[in-house]
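First comes the structure, then the notes that go with it.
Chains as they are written, first to last, in UniProt numbering: chain A, 1 to 348; chain B, 1 to 385.
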């Protein structure tokens with residue numbers, strides 16, 4: 001039998017689940033190809049093949065699928081994320097993702113593997129979520145189950161580190177499973193604190209360090225191309241960066257319970273809970289909502305956050321990203337925001 | 001000899017240069033239209049400065065640059081402080097009007113709202129995707145109506161009737177204006193309608209659900225327009241103050257910030273001197289094809305010598321210049337240059353990590369193994385911060 005190659009697009013929930021998938025395919029002994037980092041010509045190709053009104057993360061996904069197809073994958077792994085919490089779904093674009101891809105890109109050489117993922121919580125390792133995958137790759141049920149268990153365990157270790165204050169950014173760029181395992185083990189045993197928890201940070205010009213919660217979906221926060229590398233820009237300006245995945249699920253749920261009714265979309269709810277937590281936290285100086293232009297769920301989330309930031313008297317800013325390549329608008333805004341926070345701190 | 005601080009604001013429509021002394025008194029003020037060659041205009045501005053101010057009596061102790069074109073001019077001048085225009089505007093406003101509560105700032109291509117409490121900015125908003133209701137739009141409409149922009153605001157006050165013009169989008173506003181004109185409304189009425197629409201748009205886009213408090217300050221180039229000022233006053237039902245130097249507030253603010261920065265650091269200014277008006281500046285750009293980003297890299301050349309490279313996402317070209325210039329840099333500056341080089345090296349290391357070719361992965365492997373061997377926590381500290 002010829003060894004099959006499976007491609008994973010570096011887009012959307014890749015940033016949340018990549019350790020799970022890498023471990024899973026490593027356990028199954030399947031060769032994995034991950035699409036290249038988002039870049040200008042890669043994105044340009046995707047934009048040409050996408051609907052013009054769709055949000056930029058979806059255009060990025062199309063671009064990455066095309067990129068994988070150029071790399072001669074046999075399959076493209078594109079699960080349909082329906083739900084990762086009972087009664088709550090994901091954005092409609094996620095629900096229709098495989099259909100959208102197969103219709104926008106009819107000439108795809110590779111075959112899509114689109115299992116439907118429906119799970120009670122963030123742990124997506126149930127066998128039913130991977131039935132099609134097992135069938136396509138001709139893997140026995142018992143073997144698949146064992147691999148899924150191992151992958152879930154591995155992913156949980158990564159998730160724990162995120163709860164402990166590591167950023168997804170600290171793990172990105174490592175795609176060999178052995179390296180990733182080592183990195184995770186290293187962080188687990190490290191006596192040193194992650195950036196978000198470190199008290200002694202040096203800034204250029206010895207300015208005061210500020211704490212900013214950067215609230216946004218993983219595919220907006222961690223795609224360095226589309227957000228102009230905002231995390232490192234903030235860090236360079238002397239900011240301790242806090243993100244939603246550092247907030248424990250129980251806290252998110254407590255905060256969500258205060259809403260008369262949670263929203264329909266799981267990650268929007270997660271962001272809301274985390275943002276609320278950061279609004280109430282004394283250690284956080286300001287909150288930035290990073291959103292893609294035209295995002296439906298964020299049109300609701302953004303409004304609620306804007307109103308609630310006033311109740312908590314917390315500085316709040318919305319940063320909108322789209323296909324533009326000029327950096328100055330992002331720099332102007334984050335710089336002014338940080339200046340404002342520093343002035344506030346100096347006065348107190 | 002007294003110290004002077006230069007402030008330069010490179011906006012999309014105007015280029016402003018000011019100089020303030022130790023007491024923040026304005027010694028020089030220049031407002032020029034940006035006709036598209038900022039370097040040339042700044043050189044001309046400095047030449048004018050030399051003529052008007054007896055430079056032998058003063059020493060330029062600090063230079064600040066702000067505005068959307070700040071990066072390039074900062075290289076040309078040798079700026080000490082490069083900051084965004086929001087911070088600069090807030091700084092100048094609160095100096096002249098310590099009681100300010102709300103600052104409306106409308107410039108050539110963007111509009112801003114700054115909320116101030118007890119003399120410091122606590123909140124701001126800036127127009128996002130749309131430039132409706134900024135200076136450029138007014139300019140364009142004035143031209144279309146055949147009116148000088150200076151007379152535009154005054155005419156609005158002559159209107160006898162109110163006419164509603166759509167303010168959401170300049171395209172709709174323009175077609176609305178044309179049809180209202182065809183219905184027989186006069187030019188002053190159209191202009192008044194336009195001013196009201198502009199303010200309405202500003203309120204919808206920037207103020208939103210914020211509660212505004214006085215004093216109200218209105219600055220930026222558009223503040224010269226008394227029609228817009230009147231429309232703001234009608235909208236909020238309170239007096240709106242247009243500062244004396246409303247058109248150069250950004251430049252004054254950045255000069256003040258430059259003063260603060262050089263005082264704080266205690267270092268000499270990096271100002272390249274008035275001789276730069278004699279130098280020939282050129283910019284060259286090329287598309288770097290080392291990776292898929294194809295960044296447009298811009299080189300700034302002064303008298304045949306490259307003084308700045310910018311526009312590269314990875315920082316490779318920028319770094320190449322810093323390494324070169326560190327050799328020629330004088331001893332007082334070498335210390336700071338070295339740290340920059342170090343930071344750059346750290347940044348590069350990080351970028352390698354981000355790339356996913358097997359070479360880089362091998363390197364990561366090795367690094368990790370080394371780290372495990374001798375737990376050099378401090379070294380790694382620099383990479384992560």
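Ideal placement from N, C-alpha and C gives every residue a C-beta, glycine not left out.
These numbers were taken from a predicted model, which means no experiment stands behind them.
Secondary structure at residue 14/B: strand, using DSSP grouped into helix, strand and coil.
Per DSSP, reduced to three states, the secondary structure at residue 261/A is coil, with no helix or strand assignment. Sixteen is the threshold: since fewer than 16 other Cβ atoms of the shown chains lie within 10 Å of the Cβ of residue 171/B, the residue is exposed. When 8 angstroms is used as the limit between beta carbons, residue 365/B is near these residues of chain A: 176, 178, 179, 182, in chain order. Counting the other Cβ atoms within 10 Å of the Cβ of residue 204/B gives fewer than 16, which makes it exposed. Bounds of any beta strand (DSSP E) do not take in residue 183/B, whose DSSP letter is neither H nor E. Using a Cβ-Cβ cut-off of 8 angstroms, residue 344/A is close to 120, 122 of chain B, given in chain order. Within the same chain, 216, 218, 229, 232, 233 come within 7 angstroms of residue 240/B by CB-CB distance, once the 5 residues on both sides are set aside. Minimum Cα-Cα distance from residue 114/B among the listed residues 90/B, 209/B, 134/B, 280/B corresponds to 90/B. Within the same chain, 66, 250, 253, 254 come within 6 angstroms of residue 88/B by CB-CB distance, once the 5 residues on both sides are set aside. Taking C-beta atoms as the reference points, residue 137/A and residue 4/A count as a pair closer than 8 angstroms. About 4 angstroms separates the beta carbon of residue 165/A from that of residue 197/A, a gap short enough to meet the 8 angstroms contact definition.
Around the beta carbon of residue 128/A, a 10 Å sphere encloses fewer than 16 other beta carbons of the protein chains shown; the residue is thus reported as exposed. Taking a Cβ-Cβ threshold of 7 angstroms, the residues of chain A close to residue 126/B are 333, in chain order. Straight across, the Cα-Cα distance linking residue 57/B with residue 80/B is about 21 angstroms. Non-local C-beta neighbours of residue 219/A in its own chain, meaning closer than 8 angstroms and more than five positions away in sequence, comprise 11, 12, 13, 14, 15, 57, 60, ordered along the chain.
In this model, residue 12/B and residue 222/B are separated by some 13 angstroms (Cα to Cα).
In terms of CA proximity to residue 18/B, 28/B leads the group 28/B, 10/B, 24/B.
Of all C-beta pairs linking the segment 325-332 of chain A to the segment 293-303 of chain A, fewer than three are shorter than 8 angstroms, placing the two stretches out of contact.
Counting only Cβ-Cβ distances below 7 angstroms, residue 274/A has no contacts in chain B at all, with the closest Cβ about 22 angstroms away.
Between the alpha carbons of residue 265/A and residue 89/A lies a gap of roughly 5 angstroms. Using a CB distance below 7 angstroms, the part of the segment 50-71 of chain B facing chain A consists of 68, ordered along the chain. If you check each beta-carbon in the segment 284-296 of chain B against every beta-carbon of chain A, the ones closer than 7 angstroms belong to 291, 292, 293, 294. C-alpha of residue 236/A to C-alpha of residue 7/B: approximately 25 angstroms in a straight line.
When CB distances to chain B are screened at a threshold of 9 angstroms, not a single residue of the segment 122-134 of chain A falls below it. For the 8 angstroms CB-CB criterion, residue 296/B and residue 315/B do not form a contact.
Excluding sequence positions up to five before and after residue 211/A, its CB lies within less than 6 angstroms of the CB of 240, 283, 284, 285, all in the same chain and listed in chain order. In the three-state reduction of the DSSP assignment, residue 282/A falls in the coil class. When 7 angstroms is used as the limit between beta carbons, residue 42/A is near these residues of chain B: 292, in chain order. With respect to chain B, the C-beta atom of residue 307/A has a partner C-beta closer than 8 angstroms. The beta-carbon of residue 149/A is placed no less than 8 angstroms from the nearest beta-carbon of chain B. Identification of chain A residues near residue 83/B by a Cβ-Cβ cut-off of 8 angstroms yields 335, 339, ordered along the chain. Inclusion of residue 106/B and residue 68/B in the CB contact set at 8 angstroms is not warranted, their separation being larger than that value. Residues of chain B whose Cβ lies closer than 7 angstroms to the Cβ of residue 328/A are, in chain order, 68. Nearest CB-CB separation between residue 270/B and chain A: not below the 8 angstroms threshold. DSSP, reduced to helix, strand and coil, places residue 45/B within a helical segment of the structure shown.
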